[in-house]
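Have a look at the structure below, then the notes.
In our numbering, the protein residues as written are -4 to 170.
As structure tokens, this is what we get:
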């Protein structure tokens, strides 16, 4: 009975993480030692990403309970899930950086962004995006640029109008 309760707690814990996460990335950790997984977990945690080895059956139950049943397609073989809570790009970047920098056998199976299933290629594309703050900065710059140009044009026209009015006033005063 204790074992069943423990499994129910794990399902609930994974479900809560799936609901809270902006993005979830499934990886195959086959061939990694416990020490390598632990090192990866610490490295990801410093970057705001939670990494957890899961039992596929329990993760499948949690995914269904979280309203993300499509995640089940990625739950084959040894699986660990990376949860990104604030930034959807950072988990993808962090996992791909780790994959490139260390000669591990870690492979990305895919992921879920909101309720959309992502293939490994999608994760690679996502990792190439700039960080969220930079994207916001670029967007603000794009929005701000036409407004700035309009203000400069209007200001120039107002200065021209003021110049014409002042010349006209001098003309009346002198005439």
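The C-beta atom is built at its ideal place from N, Cα and C for all residues, glycine as well.
Rounded C-alpha distance that separates residue i from residue j
i, j, result
"residue 127", "residue 140", "20 Å"
"residue 112", "residue 104", "11 Å"
"residue 13", "residue 151", "55 Å"
"residue 48", "residue 40", "14 Å"
"residue 129", "residue 92", "19 Å"
"residue 27", "residue 46", "14 Å"
"residue 120", "residue 146", "37 Å"
"residue 64", "residue 10", "11 Å"
"residue 168", "residue 153", "22 Å"
Backbone secondary structure at residue i - three-state DSSP
i, result
"residue 137", "helix"
"residue 61", "coil"
"residue 132", "helix"
"residue -1", "helix"
"residue 47", "strand"
Nearest candidate by alpha-carbon position, reference residue i, set the options
i, options, result
"residue 109", "123, 100 and 62", "62"
"residue 116", "30, 65, 29 and 87", "87"
"residue 180", "67, 37 and 36", "Absent from the structure is residue 180, since the part of the chain shown begins at -4 and ends at 170."
"residue 37", "1, 14, 83 and 89", "89"
"residue 6", "0, 57, 28 and 44", "57"
"residue 69", "54, 26 and 166", "54"
"residue 3", "60, 96, 64 and 162", "60"
"residue 94", "106, 79, 35 and 133", "35"
"residue 99", "15, 29, -1 and 17", "29"
Where the beta strand (DSSP E) through residue i begins and ends
i, result
"residue 33", "Careful: residue 33 lies outside any beta strand (DSSP E), inside the alpha helix (DSSP H) at 29 to 41."
"residue 75", "74 to 79"
"residue 113", "111 to 113"
"residue 108", "102 to 108"
"residue 16", "It is not in any beta strand (DSSP E) - residue 16 carries neither H nor E in the DSSP assignment."
Opening and closing residue of the alpha helix (DSSP H) in which residue i lies
i, result
"residue 123", "No alpha helix (DSSP H) holds residue 123; DSSP gives it neither H nor E."
"residue 84", "84 to 96"
Near the ligand SAM: residue i beta-carbon under 7 Å from a heavy atom
i, result
"residue 99", "The ligand SAM is not among the ligands present in this structure, which contains no ligands whatsoever."
Does the stretch 17 to 25 come within contact of the stretch 65 to 82, defined as at least 3 CB pairs closer than 8 Å? yes
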